[in-house]
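For reference, the structure discussed in these notes is given below.
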Amino acid sequence: MTAMTDDTLPAIPRTIRDEMIAFGVMTALLLIVPLTGVYPFFVMQALCFALLACAFNLLIGYGGLLSFGHAMFLGTAGYISAHALKVWGFTPELGILVGTAGAAALGVITGVVAIRRQGIYFAMITLALSQLLYFIYLQTPFTHGEDGIQGIPQGHLFGIFNLANPTVLYYVILAGFLFGFLLIFRAINSPFGEVLKSIRENEQRAISLGYKTDQYKLLAYIISGTLAGFAGSLKVFVAQNASLTDVHWSMSGEIVLMTLVGGLGTVFGPVVGAFVIIAMQQYLAGFGQWVTVIQGAIFVVCVLTFRRGVIGEIAHYFRRSL
Amino acid sequence: MSINLQSLFAQLLVGLINGSFYALLSLGLAVIFGMLNIINFAHGALYMMGAFCAYFLLNVLGIGYWPALIVAPIAVGIFGMIMERTMLQWLAGIDHLYGMLLTFGMALIIQGVFQNYFGSSGLPYSIPNELKGGMNLGFMYLPIYRGWVVIFSLIICIGTWYLIERTRLGAYLRAATENPTLVRAFGINVPRMITLTYGLGVGLAALAGVLSAPINQVRPLMGADLIIVVFAVVVIGGMGSILGSIITGFALGIIEGLTKYFYPEASNTVVFVLMVLVLLVKPSGLTGRAT
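Top to bottom, those sequences are chains A and B. The numbering of the first sequence is our numbering, which starts it at 71 and goes up by one. The numbering of the second sequence is our numbering, which starts it at 10 and goes up by one.
Structure follows, in structure tokens:
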């Protein structure tokens with residue numbers, strides 16, 4: 071099987087320095103957002119999706135596995151967190167914890183099934199699994215079907231931070247995003263990440279070197295799903311609802327699109343892609359179904375002419391890895 | 010537990026009809042995958058286009074069901090071949106996943122455009138006069154149109170199998186699937202064959218769309234959820250064998266119909282659950298080769 075990123079990844083040694091500088095710039099920009107008067111709700115939403123796309127990118131960009139069902143982690147963690155906060159009266163930190171744990175459990179269960187095939191089969195299986203969950207959530211009473219779980223209390227994180235205050239909420243979401251981002255960054259630059267990349271490039275060879283590739287792929291899948299779930303739990307505090315849209319296949323498609331636009335297999339690409347797509351949705355909200363058409367067109371254009379994505383092209387131009 | 014035979018047979022018939030659509034669609038996916046190495050995510054959208062094509066033919070040009078059965082697959086097939094010539098052919102040689110992403114984008118575009126003009130509600134398409142009514146088989150009442158769909162789909166499936174496995178053209182096709190470079194060296198125009206194959210697969214999807222138009226209403230999203238079930242069917246059956254995908258398609262339709270009777274809550278999910286079971290027991294699929 072040819073590697074997904076044969077022609078997209080530059081053959082340049084990775085330099086942590088460039089990436090640290092880029093990380094510093096990104097963090098500084100995000101820290102000053104509340105001072106600039108940009109609508110914070112938009113940025114918070116984009117940050118949740120950015121983390122989601124980064125988690126997705128860990129799997130495709132470094133493991134070569136395209137998941138077309140990542141919405142299942144977003145939705146599952148969202149539903150569990152929302153239910154725990156609203157019905158069981160959990161505190162925010164516990165709500166996030168159970169939601170993320172739920173996504174991790176889902177990752178273990180679906181991962182065992184999904185990693186049995188690769189390539190397009192893996193994509194079809196993850197899509198089918200997420201559709202299975204969609205129908206389950208449609209029918210189980212606790213999700214409230216088409217209405218979703220609404221009016222979720224935001225509460226006080228650790229009993230101190232009032233999440234009903236948009237500025238406080240913003241910094242909490244930002245902290246959550248940075249935590250998840252650094253975790254992924256660490257995973258990519260660890261021996262584990264190197265093995266993952268070798269599996270992407272040539273799985274047979276990795277097996278012959280003695281690596282149990284199935285275990286590495288399963289672990290990558292579980293980490294990716296857990297962090298996607300973490301993003302879903304955070305999103306509950308921003309949107310204050312959990313609904314079926316978060317588990318729908320079109321959401322999984324959007325996650326793929328964000329990562330593709332930003333650059334598959336780049337560290338910062340998914341973040342940029344998430345901001346681009348969420349901004350586009352905000353500005354084009356009045357155009358109804360044309361948004362779907364435009365998203366489809368972006369897919370087509372990206373695949374045909376722009377496979378490196380925004381960050382991938384920039385990195386290629388400057389011959390750096392970002 | 011008492012079994013109501015009337016409704017059991019009715020659900021079995023619904024299952025057989027869904028099975029016909031699964032078979033026609035997964036057959037097309039398998040044929041396309043064999044030649045192009047692409048999983049055609051736009052298959053559901055093209056199925057929907059087939060149904061809309063029949064609807065337009067009737068309501069704009071006054072052309073009825075029988076000509077539509079031929080015209081719609083050809084028209085949508087030509088649309089597919091244009092897609093292949095202008096876009097898909099450029100993906101040869103890069104990862105298969107890009108083909109899936111490109112066709113997913115195409116599906117979004119097609120479905121979005123139709124949704125813009127026709128909303129999400131269904132448009133009626135009436136059963137042709139010749140196939141109206143039904144007959145009493147003694148144990149059940151069989152609406153003639155439904156019986157027709159099952160039998161006609163079966164004929165088309167077997168015809169396609171014959172075309173690919175038993176004719177000279179099919180032999181070229183199978184050879185080109187195995188080794189396109191060598192087949193080209195024998196003077197066969199492989200790129201044209203690839204285009205025609207895509208047209209054939211797409212035409213089968215459009216034909217399923219025309220068949221389904223009188224049963225399920227004509228809706229822009231009629232293929233969007235269906236294609237995901239068909240993916241599960243393909244994972245269960247594997248794409249290695251033409252006959253395998255036909256049998257798997259019908260079998261899963263029947264199982265789904267039985268589930269609708271015995272445990273209706275699970276009728277949406279049974280195919281996906283079966284997919285999980287098959288993956289746990291035989292990861293390569295029932296008839297497929299391991300990939």
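Even glycine gets a Cβ: it sits at the ideal position worked out from N, Cα and C. In this text, all values refer to a predicted model and were calculated from it rather than measured experimentally.
Item                                                                                                                                                                                    : Value
Please classify B/Tyr150: does DSSP put it in a helix, a strand, or coil?                                                                                                               : strand
Please tell me whether A/Leu233 and A/Gln220 are closer than 7 Å, where the distance is taken between their beta carbons.                                                               : no
Can you pull out the residues from the stretch 197 to 229 of chain B whose beta carbon lies closer than 7 Å to at least one beta carbon of chain A?                                     : none
Helix, strand or coil, according to DSSP, for B/Leu140 in the structure here?                                                                                                           : helix
I'd like to know whether the C-beta of B/Ala81 is nearer than 7 Å to at least one C-beta of chain A.                                                                                    : no
Taking 7 Å as the cut-off, decide whether the C-beta atoms of A/Val308 and A/Ser151 are in contact.                                                                                     : no
Assign B/Pro133 to buried or exposed, taking buried as 16 or more other Cβ atoms, counted over all protein chains shown, within 10 Å of its Cβ.                                         : exposed
Report yes if the CB atom of A/Gly172 is closer than 7 Å to the CB atom of A/Ala147, and no otherwise.                                                                                  : yes
Let me make sure I understand the geometry here. Which of B/Leu295, B/Pro292, B/Ala19 has the alpha-carbon closest to that of B/Asn145?                                                 : B/Ala19
CA-CA distance, A/Leu136 and B/Tyr150?                                                                                                                                                  : 47 Å
Beta-carbon within less than 8 Å of B/Ala260's beta-carbon, same chain only, minus the 5 sequence neighbours each way: which residues are those?                                        : Gly28
Whose CA, out of A/Leu105, A/Gln115, A/Pro104, A/Phe126, lies closest to the CA of A/Met350?                                                                                            : A/Gln115
Look at the alpha carbon of B/Leu283 and the alpha carbon of A/Val238, and state the distance between them as a whole number of angstroms.                                              : 47 Å
Chain A partners of B/Asn125, CB-CB under 7 Å?                                                                                                                                          : Gly358, Gln359, Trp360
Count the C-beta pairs between the stretch 326 to 337 of chain A and the stretch 102 to 114 of chain A that are closer than 8 Å, then say yes if the count reaches three, no if not.    : no
How would you write the range of the alpha helix (DSSP H) that A/Glu273 sits in, first residue to last?                                                                                 : 273 to 278
Across the stretch 160 to 167 of chain A and the stretch 323 to 331 of chain A, are there enough close Cβ pairs to call them in contact, namely three or more that are closer than 8 Å? : no
Could you tell me whether the Cβ atoms of A/Leu203 and A/Leu100 are closer together than 7 Å?                                                                                           : no
In chain order, what residues of the same chain lie with their CB nearer than 6 Å to the CB of A/Val341, ignoring the 5 residues before and after it?                                   : Ala120
Buried or exposed for B/Pro229, please, with buried defined as at least 16 other CB atoms from any protein chain shown within 10 angstroms of its CB.                                   : buried
So within the stretch 62 to 148 of chain B, which uninterrupted beta strand (DSSP E) runs reach at least 3 residues, ignoring any that extend past its ends?                            : 143 to 145
Among the residues of its own chain, which have a CB less than 6 Å from the CB of A/Thr72, if the five just before and after it don't count?                                            : Confidence at A/Thr72 is low in this model, with a pLDDT of 41, below 50, so its placement is unreliable and no value can be given for it.
Which two residues bound the contiguous alpha helix (DSSP H) that contains A/Glu383?                                                                                                    : 379 to 387
Where do the N-terminal and C-terminal ends of the alpha helix (DSSP H) with A/Gln220 fall, by residue?                                                                                 : Note, A/Gln220: premise wrong, no alpha helix (DSSP H); not H, not E.
Examine the Cβ distances between the stretch 52 to 65 of chain B and the stretch 75 to 82 of chain B and report whether three or more of them are shorter than 8 Å.                     : yes
Which residue's Cα is closest to the Cα of B/Phe165: B/Leu33, B/Gly24, B/Gln15?                                                                                                         : Position check: residue 165 of chain B holds Ile in this sequence, whereas Phe was assumed. If we check each option's Cα against that of B/Ile165, B/Leu33 comes out closest.
With a threshold of 7 Å between beta carbons, is A/Phe300 in contact with chain B?                                                                                                      : no
B/Ala345 CB to nearest chain A CB: under 7 Å?                                                                                                                                           : The requested residue 345 of chain B does not occur in the structure, where chain B is confined to residues 10 to 300.
By the three-class DSSP mapping on this structure, what secondary structure does A/His226 have?                                                                                         : strand
What did DSSP end up calling B/Val227 once you bin it into helix, strand or coil?                                                                                                       : strand
Does A/Ala367 come within less than 7 Å of chain B when only Cβ atoms are used?                                                                                                         : yes
Using a Cβ-Cβ cutoff of 9 Å, what residues of the stretch 81 to 102 of chain B are near chain A? List them in chain order.                                                              : Met96, Trp99, Leu100, Gly102
In angstroms with no decimal places, state the Cα-to-Cα distance between B/Met248 and A/Phe255.                                                                                         : 38 Å
Does DSSP put A/Cys372 in a helix, a strand or coil?                                                                                                                                    : helix
According to DSSP, A/Asn232 sits in a beta bridge with which residue or residues?                                                                                                       : A/His226
Considering B/Asn13, what are the terminal residues of the alpha helix (DSSP H) in which it resides?                                                                                    : Per DSSP, B/Asn13 belongs to no alpha helix (DSSP H) and is neither H nor E.
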